[in-house]
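So the sequence shown is numbered by this note's numbering: it starts at 1 and just counts up by one. C-beta: ideal position from N, C-alpha, C; glycine also. These numbers come from a predicted model, not from an experiment.
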Amino acid sequence: MNKRRTMIAILSVIAIISAGWIGYLSIYKPVSGGNGHNRLAMTVFAPQGTAPWEENLFTRWIENRFHVNLKWSLAPGNALKEVRQMMLAGDEYPDVFLEGKFTSTELLVYGKQGVLIPLNELIEKHAPNIRKMMETNEEFREALIAPDGNIYGIPRFNECYHCNYAQKFWINRQWLDTLGLNVPQTTDELFTVLKAFKERDPNGNGLQDEIPLTGAPEKNVWHGNIDAYLMNAFIYNDNDKYLLLENGKVDFAANKPGWRSGLQYMHKLYKEGLIDPASFTQSAEALSQLGNREGDELAGSVTAAMVSYLVNPYDPALTRHLHWTVVPPLMGPEGVQYAGMTRGIGEFQFAITDKATPEMQKAAIRIADYTYSEEGSLYSEYGVLEGIGWKMADPDEKNIDGKPAKYSYYRLDEEEPDAVVNERWSLMGPKDLSKRFRDLFAEGQDPLSPTGYGRRLAQATEIYQPYAPQEVYPSGVYILPDDVETIAVLNREIKEYVRLNMIEFIIGTKSIEDEWNDYVRGFHALNLSKYIEIYQKAISFNSE
């Protein structure tokens, strides 16, 4: 029996002794029935996990606590939205979206169609924790209530400081030191650094095998696309809707001269062999394998929200991450220097469809409400069993602000290296990950230690925060009901048009000099003016 299973067995015995056989074994007993009665079966949509959700301990805890049998409708994590859309189009959607990743606009579209039901009455009757969050957090309340007064979805409320400034760039400080170079502060200096990484053998193996700059598509790595960071030295790039906001007036970034200059710069980097061609296609796993490979280090810099996408900061035996540092926002040739910023709640995990019976609706909202309690958030995010994914904090453990912590996920027995974590839902489903909840947990005080990674990200974010624009378009603004179907189409088509053309301009299959004007004219056919008009109306309405 491996160490992990031994720990679970020991904790099981302790829990059985302290809580009684019936209470604890309810986690494990079959969910086909309880006390002689069949459970309420309902279908829930979620991403595929590393292990079956049916066998997950938090799933079993939920099923037994709420007397339900969850039937899982799954999709690959990197294609979740696409599968969700096909299900909705084919009228084959589930009773409940547990991880639907809906935007506020999409909620309104499907709410207006009657596919997603209003949750107002269910929340009022059966969701005291969600009601409390609405009463105590204005941002949360405003995000939930659509312009028609209905609530169609519940988000995972994630108050994450480093998440608000996630369009970051990390660089190999050891290579800089080896070559006698400083952390770049301008786009010209970055070009010089990347050129040196390619040509001056900073890994010292006598080969020109260095990859100066790498990244990954946004759908695979959070803000891994190279333009998420680099474009902000030329024009503000929100990495989503490409909206600009100044004095309350909405405009569009991806057809402006600054955008063209940013594309020209990235094409220059690519043409010189300084950008990894895999940046436009590779998975998160491929990026991690590149950064953590044994032998000579190959990567010189990476665009990603967190350096942990590339190098492992959690294993004490691995030290490569120690010489990686964040690069502040670069200043471009025209003095532009922005940090990408996210404001507002832009994604909703939980929604109930019109296929759910009244009994299913009640059970589903009670489950969502439980995950907004302290215990429910703790068990959902870190696991049902104390001592496996979390424990009560030791007296000397402090939170990220240096105050006494209540819980800790540190100083636990080491898991088997290849063990599959199947005690928790982790970042899946609705839950309270507010600052209040996050501040209950211990955080290492040394930012370069395996337990201090949170402080490391916070300190990196402090460097970015001063460069945020004075105004950014909030991610959670509700579109007016009459516009929701139109903007859903425009969003999809315009975003795809920008990203596909961006790649072609960067790699050179399209000429910026010869084809830029055609690209700009293409937005007319996509009805860009209507796109801007709708977002202008929405923010004007929401600010009233």
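Taking 7 Å as the limit between beta carbons, can you name the residues of its chain near residue i, skipping five residues before and five after?
{"i": "T461", "result": "Y161, H162, Y165"}
{"i": "S261", "result": "F234"}
{"i": "P184", "result": "L190, V193, V327, L330"}
{"i": "L457", "result": "H162, M306"}
In angstroms with no decimal places, state the Cα-to-Cα distance between residue i and residue j.
{"i": "K271", "j": "I506", "result": "8 Å"}
{"i": "V384", "j": "Y236", "result": "43 Å"}
{"i": "G344", "j": "V477", "result": "8 Å"}
{"i": "T342", "j": "T319", "result": "31 Å"}
{"i": "P481", "j": "R438", "result": "35 Å"}
{"i": "V326", "j": "D177", "result": "15 Å"}
{"i": "L500", "j": "T509", "result": "11 Å"}
{"i": "P333", "j": "T186", "result": "8 Å"}
{"i": "T103", "j": "E347", "result": "5 Å"}
{"i": "I367", "j": "W324", "result": "41 Å"}
{"i": "A317", "j": "S449", "result": "11 Å"}
{"i": "I10", "j": "G387", "result": "Low confidence applies here, because I10 scores a pLDDT of 40, under 50, leaving its location unreliable; read the following figure in that light. About 10 Å."}
{"i": "T72", "j": "E218", "result": "The amino acid occupying residue 72 in the given sequence is Trp; Thr does not appear at that position. Going by the C-alpha atoms only, they are around 26 Å apart."}
{"i": "L179", "j": "I171", "result": "13 Å"}
{"i": "S511", "j": "A278", "result": "21 Å"}
{"i": "I479", "j": "W259", "result": "26 Å"}
{"i": "R141", "j": "N120", "result": "12 Å"}
{"i": "Y238", "j": "I62", "result": "Strictly speaking, residue 238 in this sequence is Asp, with Tyr absent from that position. Near 38 Å, if we compare the C-alpha coordinates of I62 and D238."}
{"i": "P404", "j": "M392", "result": "11 Å"}
{"i": "F66", "j": "R39", "result": "9 Å"}
{"i": "E159", "j": "G204", "result": "42 Å"}
{"i": "F191", "j": "N182", "result": "12 Å"}
{"i": "S475", "j": "D201", "result": "43 Å"}
{"i": "F350", "j": "S434", "result": "17 Å"}
{"i": "D251", "j": "N150", "result": "29 Å"}
{"i": "M7", "j": "T371", "result": "In this prediction, M7 has a pLDDT of 43, which is less than 50 and means its spatial position is unreliable; what the coordinates show is noted afterwards. Cα-Cα distance, rounded: 26 Å."}
{"i": "G300", "j": "I130", "result": "45 Å"}
{"i": "Y407", "j": "P395", "result": "10 Å"}
Can you tell me whether residue i is helix, strand or coil according to DSSP?
{"i": "Y237", "result": "The identity of residue 237 in the sequence shown is Asn, whereas the question assumes Tyr. Note: N237 maps to coil in three-state DSSP."}
{"i": "L290", "result": "helix"}
{"i": "S408", "result": "strand"}
{"i": "Y28", "result": "Residue placement at Y28 is flagged as unreliable, the pLDDT there being 40, under the threshold of 50; the coordinate-derived value follows with that caveat. If DSSP states are grouped into helix, strand and coil, Y28 belongs with coil."}
{"i": "E92", "result": "coil"}
{"i": "I117", "result": "coil"}
{"i": "G34", "result": "Confidence at G34 is low in this model, with a pLDDT of 43, below 50, so its placement is unreliable and no value can be given for it."}
{"i": "K112", "result": "helix"}
{"i": "K530", "result": "helix"}
{"i": "I226", "result": "coil"}
{"i": "R156", "result": "strand"}
{"i": "E386", "result": "strand"}
{"i": "A75", "result": "strand"}
{"i": "W170", "result": "strand"}
{"i": "T186", "result": "strand"}
{"i": "P147", "result": "coil"}
{"i": "V484", "result": "helix"}
{"i": "L207", "result": "coil"}
{"i": "E246", "result": "strand"}
{"i": "D177", "result": "helix"}
{"i": "L98", "result": "coil"}
Can you give me the Cβ contacts of residue i inside the same chain, cut-off strictly under 8 Å, excluding the 5 residues immediately before and after it?
{"i": "Y410", "result": "E397, A442, G444, T451"}
{"i": "D418", "result": "For D418, the pLDDT reaches just 48, beneath the cut-off of 50, and the residue's location in the model is therefore unreliable, leaving the point undetermined."}
{"i": "L526", "result": "L490, E493, I494, Y497"}
{"i": "L427", "result": "R156, E381"}
Using 8 Å as the threshold, is the C-beta distance between residue i and residue j below it?
{"i": "A233", "j": "Q337", "result": "yes"}
{"i": "T43", "j": "D95", "result": "yes"}
{"i": "V484", "j": "K112", "result": "yes"}
{"i": "V311", "j": "N292", "result": "yes"}
{"i": "L298", "j": "E199", "result": "no"}
{"i": "T303", "j": "Y379", "result": "no"}
{"i": "P47", "j": "L70", "result": "no"}
{"i": "F45", "j": "G114", "result": "no"}
{"i": "L207", "j": "I226", "result": "no"}
{"i": "Y464", "j": "I539", "result": "no"}
{"i": "L122", "j": "I275", "result": "no"}
{"i": "G224", "j": "Y110", "result": "no"}
{"i": "I400", "j": "R455", "result": "yes"}
Step through the CB atoms of chain D and report whether any lies within less than 8 Å of the CB of residue i.
{"i": "G180", "result": "This model lacks chain D altogether; it includes just one protein chain."}
State yes or no: is the C-beta of residue i nearer than 7 Å to some heavy atom of the ligand PLP?
{"i": "L448", "result": "The ligand PLP is not among the ligands present in this structure, which contains no ligands whatsoever."}
Below 6 Å CB to CB, which residues in the same chain sit around residue i once its five sequence neighbours on both sides are set aside?
{"i": "M360", "result": "M42, D95"}
{"i": "Y93", "result": "M87, T353"}
{"i": "Q536", "result": "V250"}
{"i": "Q174", "result": "H323"}
{"i": "W222", "result": "A305"}
Self-check item: Length-filtered (3 minimum) beta strand (DSSP E) runs lying within the segment 427 to 474
Solution: 431 to 433
Give the list of continuous alpha helix (DSSP H) stretches no shorter than 4 residues that lie fully inside the segment 258 to 335.
284 to 292
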